[in-house]
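Colleague: For the protein sequence lines, the chains are A and B, in the order given.
Counting in our numbering, the first sequence runs from 75 upward without gaps.
Counting in our numbering, the second sequence runs from 8 upward without gaps.
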Amino acid sequence: MEDFIGLASKGLRDDAVAPELRRLTADLVKRGLLIETEEKNVAVMITDAGLSALKSAEKRDFVEQLTPEMIASGRWKTAELRPIDVEAAAPAFHPGRRHPVRELINEVREVYLSMGFTEITGDSIQTAFWNFDALFTPQDHPARELQDTFYVKGGRDASLSRRGVVARVASAHENGWTTGSRGWRYSWGVESGRRLVLRTHNTVLTIRATAASSNMESRVFSVGRVYRNENLDYKHLAELHQMEGIIIGEGLNVKHLMGVLTKFYAKLGMSGVKLWPSYFPYTEPSLQVMTYNDKVGKWLEMGGSGIFRPEVTLPLGVKKPVLAWGCGLERLLMLKLGIEDIRELYNNDLGWLRRGQRNASS
Amino acid sequence: MPVVKIFLDRFARMVGSKRHRIIDRLPYLGLDIESVDDESIRVEYNPNRPDFSTDYGIARALRGLMRLETGLPTYSVRDGRINVFVNRNLAKVRPYIACAVARYLQLDDESIRQIISMQEDLHNGLGRRRAKVSIGLHNLDAVVPPVHYEGKPSTFSFVPLGESRVMTVAEVLKRTETGRAYGRILSGAKLYPILRDSLGTVLSFPPIINGTATKVDSRTRTLFIDVTSTDETAGEDTLAVLVSTLAEAGASLESVRIKYSGKATVTPDLTSRTMRMDEDLVNAITGLNISRSQVKACLRRCRIDLAGASVVIPRYRVDILHPVDIAEEVAIGYGLDKVTPLYPASYQPGSYDRSLVFLNWVSETMARSGFIETLNYELIDEASLYTNFGRGNRGKIEVENPRSLEHCVLRDSILPSLMTVLSRNIKEEYPQMIFEVGTVYLRSGSRIFEESHLGAAIAHTSTTYSEAKMHLSALIREQAGGGITTRSSTHWAFADGRCAEVILNGTRMGHVGEVKPSVVASFGLGVPVSAFEVDLGKLSQRNA
Numbered sequence: 075m076e077d078f079i080g081l082a083s084k085g086l087r088d089d090a091v092a093p094e095l096r097r098l099t100a101d102l103v104k105r106g107l108l109i110e111t112e113e114k115n116v117a118v119m120i121t122d123a124g125l126s127a128l129k130s131a132e133k134r135d136f137v138e139q140l141t142p143e144m145i146a147s148g149r150w151k152t153a154e155l156r157p158i159d160v161e162a163a164a165p166a167f168h169p170g171r172r173h174p175v176r177e178l179i180n181e182v183r184e185v186y187l188s189m190g191f192t193e194i195t196g197d198s199i200q201t202a203f204w205n206f207d208a209l210f211t212p213q214d215h216p217a218r219e220l221q222d223t224f225y226v227k228g229g230r231d232a233s234l235s236r237r238g239v240v241a242r243v244a245s246a247h248e249n250g251w252t253t254g255s256r257g258w259r260y261s262w263g264v265e266s267g268r269r270l271v272l273r274t275h276n277t278v279l280t281i282r283a284t285a286a287s288s289n290m291e292s293r294v295f296s297v298g299r300v301y302r303n304e305n306l307d308y309k310h311l312a313e314l315h316q317m318e319g320i321i322i323g324e325g326l327n328v329k330h331l332m333g334v335l336t337k338f339y340a341k342l343g344m345s346g347v348k349l350w351p352s353y354f355p356y357t358e359p360s361l362q363v364m365t366y367n368d369k370v371g372k373w374l375e376m377g378g379s380g381i382f383r384p385e386v387t388l389p390l391g392v393k394k395p396v397l398a399w400g401c402g403l404e405r406l407l408m409l410k411l412g413i414e415d416i417r418e419l420y421n422n423d424l425g426w427l428r429r430g431q432r433n434a435s436s
Numbered sequence: 008m009p010v011v012k013i014f015l016d017r018f019a020r021m022v023g024s025k026r027h028r029i030i031d032r033l034p035y036l037g038l039d040i041e042s043v044d045d046e047s048i049r050v051e052y053n054p055n056r057p058d059f060s061t062d063y064g065i066a067r068a069l070r071g072l073m074r075l076e077t078g079l080p081t082y083s084v085r086d087g088r089i090n091v092f093v094n095r096n097l098a099k100v101r102p103y104i105a106c107a108v109a110r111y112l113q114l115d116d117e118s119i120r121q122i123i124s125m126q127e128d129l130h131n132g133l134g135r136r137r138a139k140v141s142i143g144l145h146n147l148d149a150v151v152p153p154v155h156y157e158g159k160p161s162t163f164s165f166v167p168l169g170e171s172r173v174m175t176v177a178e179v180l181k182r183t184e185t186g187r188a189y190g191r192i193l194s195g196a197k198l199y200p201i202l203r204d205s206l207g208t209v210l211s212f213p214p215i216i217n218g219t220a221t222k223v224d225s226r227t228r229t230l231f232i233d234v235t236s237t238d239e240t241a242g243e244d245t246l247a248v249l250v251s252t253l254a255e256a257g258a259s260l261e262s263v264r265i266k267y268s269g270k271a272t273v274t275p276d277l278t279s280r281t282m283r284m285d286e287d288l289v290n291a292i293t294g295l296n297i298s299r300s301q302v303k304a305c306l307r308r309c310r311i312d313l314a315g316a317s318v319v320i321p322r323y324r325v326d327i328l329h330p331v332d333i334a335e336e337v338a339i340g341y342g343l344d345k346v347t348p349l350y351p352a353s354y355q356p357g358s359y360d361r362s363l364v365f366l367n368w369v370s371e372t373m374a375r376s377g378f379i380e381t382l383n384y385e386l387i388d389e390a391s392l393y394t395n396f397g398r399g400n401r402g403k404i405e406v407e408n409p410r411s412l413e414h415c416v417l418r419d420s421i422l423p424s425l426m427t428v429l430s431r432n433i434k435e436e437y438p439q440m441i442f443e444v445g446t447v448y449l450r451s452g453s454r455i456f457e458e459s460h461l462g463a464a465i466a467h468t469s470t471t472y473s474e475a476k477m478h479l480s481a482l483i484r485e486q487a488g489g490g491i492t493t494r495s496s497t498h499w500a501f502a503d504g505r506c507a508e509v510i511l512n513g514t515r516m517g518h519v520g521e522v523k524p525s526v527v528a529s530f531g532l533g534v535p536v537s538a539f540e541v542d543l544g545k546l547s548q549r550n551a
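(1) Could you tell me whether the stretch 393 to 412 of chain B touches the stretch 457 to 465 of chain B, using the rule of 3 or more Cβ pairs below 8 Å?
(2) Is it buried or exposed, Lys309(A), if we count other Cβ atoms within 10 angstroms and call 16 or more buried?
(3) To which residues of the same chain is Arg218(A) closer than 6 Å at the C-beta, ignoring the five residues directly before and after it?
(4) Spell out whether any CB of chain B is found under 8 Å from the CB atom of Asn422(A).
(5) Around the C-beta of Asp128(B), are 16 or more other C-beta atoms found within 10 angstroms, so that it is buried, or is it exposed?
(6) Which first and last residues belong to the alpha helix (DSSP H) in which Pro384(A) is found?
(7) For chain B, check one thing: does any of its Cβ atoms lie closer than 8 Å to the Cβ of Tyr260(A)?
(8) So, does the CB of Val394(B) fall closer than 8 Å to a CB anywhere in chain A?
(9) Which of the three DSSP states, helix, strand or coil, is assigned to Asn367(B)?
(10) Which residues of chain A have a Cβ atom closer than 8 Å to the Cβ of Ala334(B), listed in chain order?
(11) For chain A, is any of its Cβ atoms less than 8 Å away from the one on Val541(B)?
(12) Run the CB neighbour count on Asp62(B), radius 10 Å, all protein chains shown included, and call it buried at 16 or more, exposed below.
(13) Looking at chain A, which residues of the stretch 89 to 107 of chain B have a Cβ within less than 9 Å of any of its Cβ atoms?
(14) Kindly provide the ranges of any beta strand (DSSP E) runs that are 3 or more residues long and lie completely inside the stretch 289 to 319 of chain A, ordered along the chain.
(15) Does the CB of His414(B) have a neighbour CB from chain A at under 8 Å?
(16) Using C-beta distances below 7 Å, list every residue in its chain close to Val392(A), excluding the 5 sequence neighbours before and after it, in chain order.
(17) Report the rounded CA-to-CA distance for Glu540(B) versus Leu532(B), giving the unit in angstroms.
(18) Looking at the strands, I want to know which residues DSSP matches up with Val263(B).
(19) Hey, how far is the Cα of Phe212(B) from the Cα of Ile201(B)?
(20) Is Lys372(A) buried or exposed, if buried means 16 or more other CB atoms sit within 10 Å of its CB?
(21) My assumption, with CB atoms under 8 Å, is that Leu406(A) sits in contact with Arg171(A). Please give the rounded CB distance.
(22) When DSSP builds the beta bridges, which residues end up paired with Leu348(A)?
(23) Report all residues from its chain with a CB closer than 6 Å to the CB of Pro355(A); omit the five preceding and five following residues, and keep chain order.
(24) Where Glu184(A) and His330(A) are concerned, what is the direct C-alpha to C-alpha distance, given to the nearest angstrom?
(25) Take Thr277(A) as the anchor and find which of Pro142(A), Leu102(A), Ser147(A), Gly402(A) has the nearest alpha-carbon.
(26) Which of the residues in the stretch 177 to 199 of chain A, read from start to end, lie with their CB under 8 Å from any CB of chain B?
(27) Can you look up Pro33(A) in the DSSP assignment and give me helix, strand or coil?
(28) Given a threshold of 16 other Cβ atoms within 10 Å of its Cβ, counted over all protein chains shown, does Arg418(B) qualify as buried or as exposed?
(29) Give me the DSSP bridge partner(s) of Phe165(B).
(30) Quick check on Ser83(B): does DSSP put it in helix, strand or coil?
(31) Report all residues from its chain with a CB closer than 6 Å to the CB of Ser435(A); omit the five preceding and five following residues, and keep chain order.
(32) Give the single residue among Asn96(B), Thr281(B), Ser164(B) whose Cα lies nearest to the Cα of Leu198(B).
(33) Give, in chain order, every residue of the stretch 119 to 147 of chain A whose Cβ lies closer than 9 Å to some Cβ of chain B.
(34) Between Thr277(A) and the ligand MN, is the CB less than 7 Å from at least one heavy atom?
(35) Determine, for Gln355(B), whether the minimum Cβ-Cβ distance to residues of chain A falls below 8 Å.
(36) Taking C-alpha atoms, which residue in Glu304(A), Ser352(A), Ser198(A) lies nearest to Asp222(A)?
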């Protein structure tokens with residue numbers, strides 16, 4: 075081993091080293107177990123000017139650094155710290171930082187809190203029943219296909235059966251149950267509801283909160299990850315974040331929905347909110363939220379909103395109106411940071427993270 | 008969402024208004040303008056409104072909203088004499104058919120393009136990619152009625168559209184583009200649906216392809232339309248949307264008698280549907296508090312009407328299921344831009360979820376200790392998760408049909424994500440200290456459960472086990488007061504002899520160690536890595 079270290083320290087380019095050892099050494103370098111270094115010997119001579127400067131310096135007691143010994147012995151009284159080049163660069167230091175997505179999540183959470191909302195969270199893996207059926211999305215709806223939704227291979231919740239809430243939801247799909255709706259007019263199957271999906275929206279969490287609300291007034295929000303079977307490109311991700319909210323309350327209507335959204339986006343720094351008609355299987359009316367962006371100088375689509383349909387709320391035992399909305403978080407962050415390619419947010423480029431991409435609002 | 012291309016000159020003529028006013032109002036119909044150029048616009052429409060799949064349908068709605076023509080559009084259907092006989096041998100394959108005849112068509116190239124694009128959109132939307140409903144358009148002059156809809160074996164042959172020779176059904180499924188694309192809809196069938204006339208001329212093989220004999224071209228003046236389906240209502244809905252658009256394009260419609268064994272129907276049926284008017288519900292949802300005559304005016308702008316206590320809905324509006332849908336129409340007819348927002352004040356304080364407050368505290372503490380927070384995908388590739396660590400894939404949790412193999416397995420640990428981040432940043436300055444607080448997925452028997460983990464990694468030329476342990480101990484001291492104990496252990500990510508199990512008050516909560524040299528090499532790193540990963544669920548229990 076020592077021979078080997080000796081050889082290695084002689085350097086790889088030394089022709090005296092046997093070829094097999096050269097190969098072995100090169101291999102170890104490649105695996106990162108040896109480091110190749112180069113030495114350079116430079117001879118310097120002091121000039122006359124330097125010599126005279128040295129002589130004058132010798133009369134003074136220069137030290138490089140104050141040491142504990144100098145302090146204890148009192149030598150500090152005569153010693154002098156040698157001047158250094160204070161203009162020279164110091165080593166770089168990178169403080170710890172939060173991720174920009176998480177910083178915005180916290181900002182959004184604060185906004186919701188200030189508006190009297192209670193935060194909820196839940197599992198990423200949900201039954202198709204809660205992700206789709208409870209939201210009146212028919213079982214042959216394109217959004218439920220493998221092309222759009224991540225189904226967990228072999229995942230199935232066998233405990234789900236056509237009883238209670240499940241039975242009422244099933245009837246709402248088939249014939250409207252007692253909601254006054256025509257329903258989707260097909261035969262609802264429990265097996266499709268048992269499948270496990272990676273949640274495609276956090277409305278699966280707010281709808282479960284609605285189901286658990288016992289018809290009480292409440293304001294609930296959730297900011298979390300959602301999953302879509304997408305090819306990644308500059309405007310699509312397979313995992314992204316959404317911020318959903320609901321308000322359950324007697325007498326709430328479209329005007330209130332507009333009022334809440336206007337306040338919510340104003341607090342996030344968006345000066346105007348406009349609502350256009352839209353469509354979701356689980357809300358009626360369904361409204362698309364447009365906000366005015368000063369930076370780009372135009373109206374941009376921010377998210378969806380609406381009032382849960384009776385086919386959604388009545389089977390859950392909720393008789394009060396439920397205002398609901400959801401909005402992608404990355405879109406907002408891209409606007410704030412001036413990013414055009416959504417993938418940049420998750421590249422985890424340490425240079426980018428270290429520079430500390432602060433939210434523009436802060 | 009489906010997209011319609013609209014030529015502005017043609018469209019402005021149809022609507023009877025100016026371009027800029029049209030473009031301004033389109034969003035208030037629920038249409039998204041995707042792009043605009045000098046001569047055309049592309050608009051996205053929501054799939055619940057198949058009547059928006061052509062410029063004809065959009066113009067019809069816009070004339071209402073712009074108050075140029077309000078109330079129900081009416082289309083007359085003359086009694087026709089063509090019979091279609093349906094063989095019951097299709098009962099288990101594709102049992103239903105609805106037909107119509109459209110005469111005196113004068114279609115220019117753009118009108119033909121609009122209709123073909125509508126057919127495609129109807130196939131994909133209401134038709135669920137043809138599985139539920141499919142449409143065939145034929146030149147009636149080439150058809151000798153009556154028409155027969157019946158099941159034939161796979162050896163049955165005809166000349167399909169776009170082919171120059173006779174092919175069997177089996178060949179069509181195997182060799183033609185549409186056969187390969189839609190053949191699975193008929194998989195397992197012993198008989199295949201064929202629509203033929205009295206002389207045996209094949210009109211179509213639904214839902215795959217038409218016959219070439221009845222091909223439609225720019226000289227076609229009379230269309231025979233077939234809509235086959237597995238759901239009678241869906242088929243009739245589709246036909247209603249299609250023929251009311253053809254009527255807008257100037258066609259006169261004629262009905263067709265469909266004779267099933269044991270029952271007969273006449274299609275198309277364009278009778279308006281009615282729904283009870285629920286003014287209280289409308290006002291409760293919209294908050295508008297408007298009078299009955301105002302409600303009526305709003306509905307008429309949406310091409311719906313009010314007759315006595317009934318709302319009258321044109322047959323092509325297949326999206327209206329419940330009185331709440333009428334409330335939305337009233338709001339649209341009123342104009343959402345005229346509604347005043349009203350903030351409902353809250354007298355309840357808000358509150359954070361306790362578990363998320365804890366996770367956030369952990370992240371803050373790590374950042375204060377000098378770590379950079381990273382955020383990684385939970386669906387990752389097998390190489391980063393298993394192969395690079397030289398471990399098997401027991402307990403693997405996969406998703407079905409992932410579009411990308413880079414994102415196909417749910418991670419069971421944060422460490423692979425962190426190693427991937429380090430491997431992508433080898434050009435960045437060291438030391439590198441990174442962490443993630445995130446979800447991991449574990450399998451126990453047939454059950455899958457989710458845990459919140461903290462993973463942290465330190466990479467520089469002289470990092471050691473004790474550096475990682477120092478940071479972990481600091482975090483836990485802040486959280487739980489007491490310290491952790493570490494007991495020698497083995498782990499797939501860590502080198503033997505440089506790995507310990509982390510124990511807090513008797514609970515095992517994770518591992519700390521120096522990453523195996525082989526793993527460092529697999530990820531292409533040039534410096535050693537020390538790391539730890541702990542289950543934050545176990546740590547937060549100490550919070551109480």
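Note that beta-carbon positions come from the ideal geometry of N, C-alpha and C, so glycine has one too.
Just so you know, these numbers come straight off a predicted model, no measurement behind them.
Modeller: According to the structure data:
(1) The stretch 393 to 412 of chain B vs the stretch 457 to 465 of chain B: no contact.
(2) Position 235 of the first sequence holds residue 309(A). Lys309(A) is exposed by the Cβ-count criterion.
(3) For the purposes of this step, residue 218(A) is taken as the residue at position 144 of the first sequence. Phe206, listed in sequence order.
(4) Here residue 422(A) is taken as the residue at index 348 of the first sequence, counted from 1. Chain B contact via Cβ: present.
(5) Here residue 128(B) refers to the residue found at position 121 when the second sequence is read from its first residue. By the neighbour-count rule (16 or more Cβ atoms within 10 Å), Asp128(B) is buried.
(6) Mapped onto the first sequence, residue 384(A) falls at position 310. That run of the alpha helix (DSSP H) goes 384 to 387.
(7) For the purposes of this step, residue 260(A) is taken as the residue at position 186 of the first sequence. It does: the Cβ of Tyr260(A) has a partner Cβ on chain B nearer than 8 Å.
(8) Reading the second sequence from its first residue, position 387 is the one you call residue 394(B). The residue you asked about is not Val; residue 394(B) is Thr in the sequence shown. Answer no: the Cβ-Cβ gap between Thr394(B) and chain A never drops below 8 Å.
(9) For the purposes of this step, residue 367(B) is taken as residue 360 along the second sequence, with counting starting at 1. Residue state, collapsed to three classes: helix.
(10) To locate residue 334(B), count along the second sequence from 1; it is residue 327. The answer, in chain order, is Glu358, Pro359.
(11) Here the question's residue 541(B) lines up with position 534 in the second sequence. No, Val541(B) lies away from the interface with chain A (no Cβ there is under 8 Å from its Cβ).
(12) Counted from its first residue, the second sequence places residue 62(B) at position 55. Classification for Asp62(B): buried.
(13) none
(14) Whole beta strand (DSSP E) segments, 3+ residues: 292 to 301.
(15) Locating residue 414(B) in the second sequence gives position 407, where the first residue counts as 1. At least one chain A Cβ lies under 8 Å of His414(B).
(16) As a position in the first sequence, residue 392(A) is number 318, starting the count at 1. Counting only Cβ-Cβ distances below 7 Å, and skipping sequence neighbours, we find Thr284, Ser287, Asn289, Ile322.
(17) Taking the first residue of the second sequence as 1, we reach residue 540(B) at position 533. Taking the first residue of the second sequence as 1, we reach residue 532(B) at position 525. Cα to Cα, the separation comes out at about 20 Å.
(18) On the second sequence, residue 263(B) is found 256 positions in, with the first residue counted as 1. Bridge partners of Val263(B): Thr274(B).
(19) Your numbering for residue 212(B) matches position 205 in the second sequence. Your numbering for residue 201(B) matches position 194 in the second sequence. Rounded to the nearest angstrom, the gap between the Cα atoms of Phe212(B) and Ile201(B) is 5 Å.
(20) Looking up residue 372(A) in the first sequence gives position 298. Burial call: exposed.
(21) In the first sequence, residue 406(A) corresponds to position 332, counting from 1. In the first sequence, residue 171(A) corresponds to position 97, counting from 1. Cβ atoms of Leu406(A) and Arg171(A) stay farther apart than 8 Å, at about 20 Å.
(22) Here residue 348(A) refers to the residue found at position 274 of the first sequence. Per the sequence shown, residue 348(A) should be read as Lys rather than Leu. Beta bridge pairing from DSSP links Lys348(A) with Met364(A).
(23) Working through the first sequence from its first residue, we reach residue 355(A) at position 281. For Pro355(A), where only same-chain residues beyond five positions count, the Cβ hits under 6 Å are Phe210, Thr211.
(24) If you number the first sequence from 1, residue 184(A) lands on position 110. If you number the first sequence from 1, residue 330(A) lands on position 256. Answer to the nearest angstrom: the Cα atoms are 21 Å apart.
(25) What you label residue 277(A) is simply residue 203 of the first sequence in a count that begins at 1. Selected option, being the one with the closest Cα: Gly402(A).
(26) Asn180, Arg183, Tyr186, Leu187, Ser188, Met189, Gly190, Phe191, Thr192, Glu193, Ile194, Thr195, Asp197, Ser198, Ile199
(27) Residue 33(A) lies beyond the range of chain A shown here (75 to 436); nothing can be said about it.
(28) Looking up residue 418(B) in the second sequence gives position 411. When all chains shown are included, Arg418(B) counts as buried.
(29) Position 158 of the second sequence, counted from the start, is the residue given in the question as residue 165(B). Answer is Met174(B).
(30) To locate residue 83(B), count along the second sequence from 1; it is residue 76. Ser83(B): coil per DSSP, three-state reduction.
(31) Stepping through the first sequence from its first residue, residue 435(A) is reached at position 361. Bear in mind that a pLDDT of 40 at Ser435(A), under 50, signals an unreliable position, so the number given afterwards is only what the model happens to contain. Here the set comprises Gly343.
(32) Numbered from 1 along the second sequence, position 191 holds the residue referred to as residue 198(B). The shortest Cα separation from Leu198(B) among Asn96(B), Thr281(B), Ser164(B) belongs to Asn96(B).
(33) none
(34) As for the ligand MN, it is missing from this structure, which has no ligand bound.
(35) Here residue 355(B) is taken as the residue at index 348 of the second sequence, counted from 1. Yes, its Cβ sits closer than 8 Å to a Cβ of chain A.
(36) In the first sequence, the residue the question calls residue 222(A) occupies position 148. Check the Cα spacing between Asp222(A) and each of Glu304(A), Ser352(A), Ser198(A): the tightest is with Glu304(A).
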